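Asker:
Spelled out as structure tokens, the structure:
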């Protein structure tokens, strides 16, 4: 595209993110309306009388046309009102906020493990390309991608919690409780990272400016860590942002396995209880966070690498 | 060159040629992976012939027995033979893997072909829809769909397909954009061939490479998500011997019966591993660049 500039790109990228989030709200709004049966009747349970269901329908605004209902839903969501949980009758925002911190702890630890382990392993594999060390790292990465996180979690429980007694079996509270679920969650992600870093590194190492640097007599180590590493991490960051969804999705399963009181388990509980406002709230939250992270990644990508042409 | 070049022989496009096969042969591990997958499918088809016991047959005198010669994977909390349950479980795993990715692939193909070929407003609409779906993690989107339809194996297949079709849409659209500028496509348009003719005769055969690679990788993904959802109780329901559901039952007996977890878990992991190894090789064979853009 002729005459591109970074400001238009940033504005367009932000607008796109807003469109996507509105789309998500439309999807989760429709979620409740696609469910067979009457949400009001669902809420009141099988004992409710026809009149009380009708009254609730009226007060919930379910008799209004769908577009009106959607606009109301959006207006409320914008001021942080996602309705009330069917189950506890507390606000959805309260229910989620109570469960937010454990998930943040878990996600950050998981991402931390993934980045440290994944980038290190990827660098080592690229440096020792085509040796047994490289093969070993890549075999572990393949295993990491293939073993489902909950299976890994159960194996960790079997070995480290039950057999060896090093880790608590489940629950929440201490740092030791965090290790099992964070490793189960982060290992898959670190395997993805290791593969990305390795291939990106190898690609960059084959470029002309690396050969030039070597020809100039720059020491190998400097070429590797200063010239190559910095540039090869740029594409890694974008793809890492894309794969964060895998990690977020993983919390749903891992939190149930380890009885971790986070929003992933909350989502499962909400579905069992047919607590649709809560399901809506959790899906909207996770999708929004994910869109936001990808937005930041995309924008920083341009800042990190000035050669990028925006379209 | 991004797309693998198809050699025209006897007037028809040839999708796989000898060079592909030679590349495949180079990595011996491919044959191991392929053998495991073929074995899995055979076991799934002939499950009754392979399993020594009935998968649902309970025996209260044989509760939670460790592996032995008569029960090589041990028995579960109801005295059922875990080996037989794992064998029957392969049927559901194969179903989920195959049907979910075929459905996702077909839906993604249709959307991607339309978006890439016709462009304009259709392209914008389809791609924004794709962006929206991709912004929700697969497993969460599948959960939302299951919340509407209620948990069952069929719902699971449908939910996984919807949740993963957008990846196909993206890849197909990207490849179509590229292929439709090929001279032979432009030429067929110039001689007045219809859109449908061009789409199915000229474009489709030339985008199959990346689509098949993605489909292979998605089989592993579908099996993984299917097992994970069954594990949290949103997929196959007990007493169905699905692997994820099996592991869910095993959870309570982690302390007393390691075999209950270990064997189904290993089977699931080895299955996904084999498919991933094949997928990886196929991606290398059909040139990598397009699948991530």
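Residue numbers (this note's numbering), protein chains in the order written: chain Z, 10 to 320; chain H, 208 to 500. A virtual CB, placed ideally from N, CA and C, is assigned to each residue, including glycine. As the structure is a prediction and not an experimental result, all values here were calculated from the model.
On the three-state DSSP scale, how would you describe residue 73(Z)?
Answerer: DSSP places residue 73(Z) in coil when its eight states are reduced to three.
Asker: Do you know offhand how far residue 526(H)'s Cα is from residue 224(Z)'s?
Answerer: The question about residue 526(H) has no answer here: the residues shown for chain H are numbered 208 through 500.
Asker: Comparing the C-beta of residue 263(H) with each C-beta of chain Z, is any distance below 9 Å?
Answerer: Not closer than 9 Å to any Cβ of chain Z, the Cβ of residue 263(H) fails to qualify, so no.
Asker: Going by the beta-carbon positions, is the gap between residue 120(Z) and residue 131(Z) smaller than 9 Å?
Answerer: No, these two residues do not count as a Cβ contact at 9 Å.
Asker: Counting only C-beta atoms, is residue 445(H) closer than 9 Å to chain Z at any point?
Answerer: False, the Cβ-Cβ gap to chain Z never drops below 9 Å.
Asker: State buried or exposed for residue 85(Z), treating a residue as buried only when at least 16 other CB atoms are found within 10 Å of its CB.
Answerer: Exposed, since its Cβ has fewer than 16 Cβ neighbours within 10 Å.
Asker: Please name the residues in the region 45-74 of chain Z whose beta-carbon is closer than 7 Å to at least one beta-carbon of chain H, in chain order.
Answerer: Listed by position along the chain: nothing, the set is empty.
Asker: What residue ranges within the region 193-231 of chain Z form continuous alpha helix (DSSP H) runs of no fewer than 4 residues, ordered along the chain?
Answerer: Counting only runs of 4 or more, we get 217-224.
Asker: Enumerate in chain order the residues of its own chain whose CB-to-CB distance from residue 81(Z) is below 7 Å, with the five nearest sequence positions on each side excluded.
Answerer: Result list for residue 81(Z): 70, in chain order.
Asker: List the residues of chain H that residue 28(Z) touches, going by C-beta distances under 7 Å, in chain order.
Answerer: Neighbours of residue 28(Z) on chain H, chain order: 335.
Asker: In the DSSP assignment, the alpha helix (DSSP H) including residue 151(Z) goes from what residue to what residue?
Answerer: Counting along the chain, the alpha helix (DSSP H) containing residue 151(Z) begins and ends at 141-155.
Asker: Residue 304(H) and residue 426(H): beta carbons closer than 9 Å?
Answerer: Yes, the Cβ-Cβ distance between residue 304(H) and residue 426(H) is below 9 Å.
Asker: Name the chain Z residues whose beta carbon is nearer than 7 Å to that of residue 462(H)?
Answerer: Chain Z residues near residue 462(H): 171.
Asker: Where does residue 188(H) fall in DSSP's three states?
Answerer: Residue 188(H) falls outside the range modelled here, since chain H spans only 208 to 500, and no answer is possible.
Asker: Quick one: give me the first and last residue of the alpha helix (DSSP H) that residue 118(Z) is part of.
Answerer: From DSSP, the alpha helix (DSSP H) with residue 118(Z) extends over 101-136.
Asker: Would you check if the distance between the CB atom of residue 215(Z) and the CB atom of residue 193(Z) is smaller than 9 Å?
Answerer: No, the Cβ-Cβ distance between residue 215(Z) and residue 193(Z) is not below 9 Å.
Asker: Cβ closer than 8 Å: which chain H residues qualify as neighbours of residue 86(Z)?
Answerer: Those within 8 Å of residue 86(Z) in chain H number zero; the least Cβ separation is about 16 Å.
Asker: Once you ignore the five residues that flank residue 19(Z) on each side, which residues in its own chain have a CB closer than 7 Å to its CB?
Answerer: Result list for residue 19(Z): 308, in chain order.
Asker: How would you write the range of the alpha helix (DSSP H) that residue 380(H) sits in, first residue to last?
Answerer: Taken as a continuous stretch (DSSP letters only), the alpha helix (DSSP H) holding residue 380(H) covers 360-386.
Asker: Comparing alpha-carbon positions, which option in 181(Z), 244(Z) and 241(Z) lies nearest residue 274(Z)?
Answerer: Cα-wise, what sits closest to residue 274(Z) is 181(Z).
Asker: Are at least three pairs of beta-carbons, each pair with one atom in the region 461-471 of chain H and one in the region 391-409 of chain H, less than 8 Å apart?
Answerer: The answer is no - the region 391-409 of chain H does not touch the region 461-471 of chain H, with fewer than three Cβ pairs under 8 Å.
Asker: Compare the C-beta of residue 253(H) with all C-beta atoms of chain Z and state if any pair is closer than 9 Å.
Answerer: Chain Z contact via Cβ: absent.
Asker: Beta carbon of residue 209(Z), beta carbon of residue 242(Z): below 9 Å?
Answerer: In contact: residue 209(Z) and residue 242(Z) (Cβ atoms closer than 9 Å).
Asker: What number of angstroms, rounded off, separates the C-alpha of residue 502(H) from the C-alpha of residue 15(Z)?
Answerer: Here chain H covers residues 208 to 500 and nothing more, so residue 502(H) does not appear.
Asker: With a Cβ-Cβ cutoff of 9 Å, do residue 281(H) and residue 474(H) count as a contact?
Answerer: No, these two residues do not count as a Cβ contact at 9 Å.
Asker: If you measure from the beta carbon of residue 308(H) to each beta carbon in chain Z, is any gap under 9 Å?
Answerer: For residue 308(H), the answer is no, since every Cβ of chain Z falls outside 9 Å of its Cβ.
Asker: Within 10 Å of its beta-carbon, does residue 277(H) have 16 or more other beta-carbons around it, so buried, or fewer, so exposed?
Answerer: The residue is exposed, with fewer than 16 neighbouring Cβ atoms inside 10 Å.
Asker: So with Cβ pairs under 9 Å, would you call residue 320(Z) a contact of chain H?
Answerer: Any reading at residue 320(Z) is ruled out, since the residue's pLDDT is 44, under 50, leaving its predicted position unreliable.
Asker: Counting only Cβ pairs nearer than 8 Å, list the residues of chain H close to residue 276(Z).
Answerer: Under the 8 Å cutoff, chain H gives 347 and 350.
Asker: Would you tell me roughly how many angstroms separate the C-alpha atoms of residue 160(Z) and residue 33(Z), rounded to the nearest one?
Answerer: Near 31 Å, if we compare the C-alpha coordinates of residue 33(Z) and residue 160(Z).
Asker: For residue 128(Z), which of 253(Z), 301(Z), 198(Z) and 203(Z) has the nearest alpha-carbon?
Answerer: Answer by Cα proximity: 203(Z).
Asker: Look at the Cβ atom of residue 135(Z), then the Cβ atom of residue 260(Z), and state whether they are nearer than 9 Å.
Answerer: Going by C-beta atoms, residue 135(Z) is not nearer than 9 Å to residue 260(Z).
Asker: Let me confirm a value: residue 228(Z) is counted as buried when at least 16 other C-beta atoms fall within 10 Å, else exposed. Which label applies?
Answerer: By the 10 Å Cβ count, residue 228(Z) comes out exposed.
Asker: Alpha carbon to alpha carbon, how far is residue 93(Z) from residue 310(Z)? Give it in angstroms, no decimals.
Answerer: For residue 310(Z) and residue 93(Z), the distance between alpha carbons rounds to 39 Å.
Asker: Kindly identify the DSSP beta-bridge partner or partners of residue 288(H).
Answerer: Answer by DSSP bridge pairing, in chain order: 282(H).
Asker: Are the beta-carbon atoms belonging to residue 272(Z) and residue 109(Z) less than 9 Å from one another?
Answerer: Result yes, Cβ atoms of residue 272(Z) and residue 109(Z) sit closer than 9 Å.
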